[in-house]
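Everything below concerns the one structure shown next.
Residue numbers (my numbering), protein chains in the order written: chain P, 1 to 184; chain B, 1 to 150.
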């Protein structure tokens, strides 16, 4: 397996630097992209998204450090496009391509759905009910998936903690609803 | 109707974007500056194999306030986004043969910039690329994609 770390720093835009706070070098978590020689756009964009999220928010760094688990993102536009993401405490690995583990957690959605989810424009519950978001998981993976969802939501570092629990409950409820309606 | 990459073609594009009421509502109010990089790939007859066409666009309040070709690749300073793709990919999108979102996810169109901003404004991005893909009448004086491989 070859490691091919990528950076987005060739651009020094006002937008990619907004909200940056202080020197975060002591708390940064490396985000490593591995896999095929030429990264898919899905992997590349996820890589940039996670690096930028960590660079902008010490709270997100703390959230990421507490996460341990693995999931696969699959594009609904092209189901051949899969990116595995592993949170291992002190590092985050993205693996581009390959065949997803049948027992692993998998999240399938199109670009707009992921965008609406991460930006908080749509609730995960609503997206699950609408089947725009499809999540395959085991019960043991639920805490990790909820934590990862929280990590990936933009702007949640300033949200009061009590906000999280109704959403978590909605996600679990939606997932159960989806599982029941899909399998029975 | 205007020829691909001609000044008139980009004027048409600018007029389409500025004329879109929906995009005006959904677009971020902040100023966004980005470049489109059209890279020669030896297949497109419109861009030399080793060359490239570079365009700078500035959008504010959902309106294109600046659009101009660049003599060379932008150094990145002050840019919000950079979109780079082989000419055949851009031309496939312009001809309505390729979905730009799927091309982006596959990595055919490389995107550099603030992904969180992109996610927060994905609806506006989708509207803009749909305008690009579906609503500009384009002339193809040297032939229309898909091209026969050289």
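Glycine is no exception: its CB is placed at the ideal position from the N, C-alpha and C atoms.
Using a Cβ cut-off of 7 Å (strictly closer), state whether residue i contacts chain P.
i, result
"residue 141(B)", "no"
"residue 86(B)", "no"
In chain B, which residues lie less than 8 Å from residue i when you measure between Cβ atoms?
i, result
"residue 154(P)", "116, 119 and 120"
"residue 41(P)", "103, 104, 105, 106, 107, 108, 109, 110 and 111"
"residue 52(P)", "114, 115 and 116"
"residue 44(P)", "107, 110 and 111"
Can you confirm whether residue i, when its beta carbon is compared against all beta carbons of chain B, has any partner nearer than 7 Å?
i, result
"residue 75(P)", "yes"
"residue 19(P)", "Residue placement at residue 19(P) is poorly supported in this model, since its pLDDT is 38, which falls under 50; the coordinates are not used for a value here."
"residue 160(P)", "Low per-residue confidence applies at residue 160(P): pLDDT is 47, beneath 50, and the placement is therefore not dependable enough to give any value."
"residue 141(P)", "no"
"residue 96(P)", "no"
"residue 33(P)", "no"
"residue 15(P)", "Annotation note: pLDDT 40 at residue 15(P) (below 50); position unreliable, no value reported."
"residue 48(P)", "yes"
"residue 78(P)", "yes"
"residue 25(P)", "Residue confidence is low: residue 25(P) scores 43 on pLDDT, short of 50, so the model does not pin down where it sits. Its coordinate-derived value is still stated next. Output row for residue 25(P): interface = no."
"residue 81(P)", "yes"
"residue 106(P)", "no"
"residue 148(P)", "no"
"residue 55(P)", "no"
Applying a beta-carbon distance threshold of less than 7 Å, which residues of chain B neighbour residue i?
i, result
"residue 119(P)", "119 and 120"
"residue 62(P)", "Ordered by position in chain B, no residue passes the 7 Å Cβ test against residue 62(P), which lies about 18 Å from the chain."
"residue 115(P)", "119 and 122"
"residue 90(P)", "The premise fails here: residue 90(P) is roughly 23 Å from chain B at the closest Cβ pair, so nothing lies under 7 Å."
Looking only at C-alpha atoms, which of the options sits nearest to residue i?
i, options, result
"residue 128(B)", "63(B), 40(B), 53(B) and 8(B)", "63(B)"
"residue 97(P)", "55(P), 43(P) and 150(P)", "43(P)"
"residue 114(B)", "14(B), 61(B) and 34(B)", "34(B)"
"residue 69(B)", "6(B), 133(B), 32(B) and 25(B)", "6(B)"
"residue 121(P)", "36(P), 155(P) and 61(P)", "155(P)"
"residue 89(P)", "68(P), 73(P), 176(P) and 148(P)", "68(P)"
"residue 145(B)", "116(B), 87(B), 1(B) and 111(B)", "87(B)"
"residue 18(B)", "123(B), 61(B) and 117(B)", "61(B)"
"residue 96(B)", "44(B), 137(B), 141(B) and 52(B)", "137(B)"
"residue 13(B)", "42(B), 94(B), 122(B) and 100(B)", "94(B)"
"residue 146(P)", "34(P), 40(P) and 173(P)", "173(P)"
Report the neighbours of residue i on chain P: residues whose CB is nearer than 7 Å to its CB, in chain order.
i, result
"residue 126(B)", "112"
Determine whether the beta carbon atoms of residue i and residue j lie at a separation below 7 Å.
i, j, result
"residue 110(P)", "residue 77(P)", "yes"
"residue 50(B)", "residue 58(B)", "no"
"residue 178(P)", "residue 128(P)", "yes"
"residue 89(B)", "residue 103(B)", "yes"
"residue 45(P)", "residue 74(P)", "no"
"residue 92(P)", "residue 31(P)", "yes"
"residue 113(P)", "residue 119(B)", "no"
"residue 84(P)", "residue 72(P)", "yes"
"residue 105(B)", "residue 41(P)", "yes"
"residue 9(B)", "residue 2(B)", "yes"
Could you work out which residues of chain B lie near residue i, taking near to mean beta carbons separated by less than 9 Å?
i, result
"residue 38(P)", "107"
In chain order, what are the residue ranges of uninterrupted beta strand (DSSP E) at least 3 long that sit wholly in the region 56 to 118 of chain P?
68 to 75, 82 to 88, 92 to 96 and 105 to 109
As an exercise, report each continuous alpha helix (DSSP H) stretch of at least 4 residues that is fully enclosed by the region 65 to 149 of chain B, in chain order.
Counting whole runs of 4 or more residues, the region 65 to 149 of chain B contains the alpha helix (DSSP H) stretches 87 to 94, 100 to 106, 115 to 120 and 122 to 134.
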